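Visitor: Below is one structure. I have some questions about it.
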Amino acid sequence: MLIRIPPFFLLLCLLAAFSPWLRGTSQDIQTDESFPGWPSSFDGRPLTALPLSSLEASLQREFPGRIGRFSDGRREIILRWLNRETRQLHASSDCFKANGYRVDAQPIKRLGAERWSTFRASRGNTQLIVTERIYNEAGHQWSDVSAWYWAAQLGRSRGPWWAVTVAERGENG
Numbered sequence: 049m050l051i052r053i054p055p056f057f058l059l060l061c062l063l064a065a066f067s068p069w070l071r072g073t074s075q076d077i078q079t080d081e082s083f084p085g086w087p088s089s090f091d092g093r094p095l096t097a098l099p100l101s102s103l104e105a106s107l108q109r110e111f112p113g114r115i116g117r118f119s120d121g122r123r124e125i126i127l128r129w130l131n132r133e134t135r136q137l138h139a140s141s142d143c144f145k146a147n148g149y150r151v152d153a154q155p156i157k158r159l160g161a162e163r164w165s166t167f168r169a170s171r172g173n174t175q176l177i178v179t180e181r182i183y184n185e186a187g188h189q190w191s192d193v194s195a196w197y198w199a200a201q202l203g204r205s206r207g208p209w210w211a212v213t214v215a216e217r218g219e220n221g
């Protein structure tokens, strides 16, 4: 039996496949020279720069932006600044899983107008509460990396963007 694919469906698949090239030129992408620098504080607490882990340093080499690791004295904060959409930005829960943590999704956390995805990461006696969000200066925000990627890919959001991941010890961590 021959399956007949409707032409409209085939056209949609082709458009989706070629959408990265149809959307614009490289002139639309901001260069790394537009990096504004790392903030000196987060949530009113001063930040201290920490060295990148070997994994973060290797990811930085191909990353379309910057990666910074900081502490505010009680939490570790990973800041990623992106000047274009990329599949190299992924949910931090994937990193925790790859490093042997059990990850349990939690409800979206709202802090004022900010929405943060939240999960509990546990490995052995270590328990962490991790929150994450992506935003741009135009006021758009996402608590999901995939939603951000498709909004950017389809031209519904323009960069640069900040991806913020905050990890702090849980009750038993």
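Residue numbers (the numbering used here): 49 to 221. The beta-carbon is built from N, C-alpha and C at its ideal position, and this holds for glycine as well. Small disclaimer: the values here were computed from a predicted structure and weren't measured.
Hey, how far is the Cα of residue 119 from the Cα of residue 140?
Guide: The count along the sequence shown starts at 1 and reaches residue 119 at position 71. The count along the sequence shown starts at 1 and reaches residue 140 at position 92. Whole-angstrom Cα-Cα distance: 17 angstroms.
Visitor: Helix, strand or coil for residue 90 per DSSP?
Guide: Within the sequence shown, the letter at position 42 stands for residue 90. Residue state, collapsed to three classes: strand.
Visitor: Give me the Cα-Cα distance between residue 123 and residue 191, rounded to the nearest whole angstrom.
Guide: Here residue 123 refers to the residue found at position 75 of the sequence shown. Here residue 191 refers to the residue found at position 143 of the sequence shown. About 19 angstroms.
Visitor: State the Cα-Cα distance for the pair residue 219 and residue 175, rounded to the nearest angstrom.
Guide: For the purposes of this step, residue 219 is taken as residue 171 along the sequence shown, with counting starting at 1. For the purposes of this step, residue 175 is taken as residue 127 along the sequence shown, with counting starting at 1. Spanning the two alpha carbons is a distance of roughly 7 angstroms.
Visitor: To which residues of the same chain is residue 158 closer than 8 angstroms at the C-beta, ignoring the five residues directly before and after it?
Guide: The residue you call residue 158 lines up with position 110 of the sequence shown. Hits under 8 angstroms: 164.
Visitor: Rounded to whole angstroms, what is the Cα-Cα separation between residue 83 and residue 112?
Guide: The residue given as residue 83 occupies position 35 in the sequence shown. The residue given as residue 112 occupies position 64 in the sequence shown. In a straight line, the C-alpha of residue 83 is about 11 angstroms away from that of residue 112.
Visitor: Do three or more CB pairs link the segment 137 to 156 to the segment 167 to 184 at distances below 8 angstroms?
Guide: yes
Visitor: Using the beta-carbon count (16 or more within 10 Å), is residue 202 buried or exposed?
Guide: Position 154 of the sequence shown, counted from the start, is the residue given in the question as residue 202. The residue is exposed, with fewer than 16 neighbouring Cβ atoms inside 10 Å.
Visitor: On a Cα-Cα basis, can you pick out the residue from 121, 195, 126, 187 that is closest to residue 92?
Guide: Here residue 92 corresponds to residue number 44 of the sequence shown, with the count starting at 1. Of 121, 195, 126, 187, the residue nearest in Cα terms is 121.
Visitor: On the three-state DSSP scale, how would you describe residue 205?
Guide: As a working note, residue 205 is residue 157 in the sequence shown. The answer is coil: DSSP assigns residue 205 none of H, G, I, E or B.
Visitor: Does the distance from the CB of residue 126 to the CB of residue 213 come in under 8 angstroms?
Guide: The residue labelled residue 126 in the question sits at position 78 within the sequence shown. The residue labelled residue 213 in the question sits at position 165 within the sequence shown. In this structure, residue 213 lies closer than 8 angstroms to residue 126 by Cβ.
Visitor: In whole angstroms, give me the CA-to-CA distance for residue 168 and residue 217.
Guide: Counting from 1 along the sequence shown, the entry for residue 168 is found at position 120. Counting from 1 along the sequence shown, the entry for residue 217 is found at position 169. One C-alpha to the other measures close to 10 angstroms.
Visitor: Between residue 130 and residue 209, is the Cβ-Cβ spacing less than 8 angstroms?
Guide: Here residue 130 refers to the residue found at position 82 of the sequence shown. Here residue 209 refers to the residue found at position 161 of the sequence shown. The answer is yes: Cβ separation under 8 angstroms.
Visitor: Quick check: residue 100 and residue 117, are their CB atoms within less than 8 angstroms of each other?
Guide: Here residue 100 refers to the residue found at position 52 of the sequence shown. Here residue 117 refers to the residue found at position 69 of the sequence shown. Taking 8 angstroms as the Cβ cut-off, residue 100 and residue 117 qualify as a contacting pair.
Visitor: Among all the DSSP beta bridges, which residues are the ones paired with residue 35?
Guide: The chain is shown from 49 up to 221; residue 35 falls before or after that span and cannot be answered.
Visitor: Between which two residues does the alpha helix (DSSP H) holding residue 142 run?
Guide: Position 94 of the sequence shown, counting from 1, holds the residue named residue 142. Residue 142 -> alpha helix (DSSP H) spans 140 to 146.
Visitor: Cutting at 6 angstroms between CB atoms, please list the residues of its own chain near residue 90, excluding the five before and the five after it.
Guide: On the sequence shown, position 42 is the one that residue 90 refers to. So the list reads 120, 125, once near-sequence residues are dropped.
Visitor: May I have the straight-line CA-CA distance separating residue 86 from residue 145, to the nearest angstrom?
Guide: Taking the sequence shown and counting its residues from 1, one reaches residue 86 at position 38. Taking the sequence shown and counting its residues from 1, one reaches residue 145 at position 97. Taking the straight line joining both Cα atoms gives about 27 angstroms.
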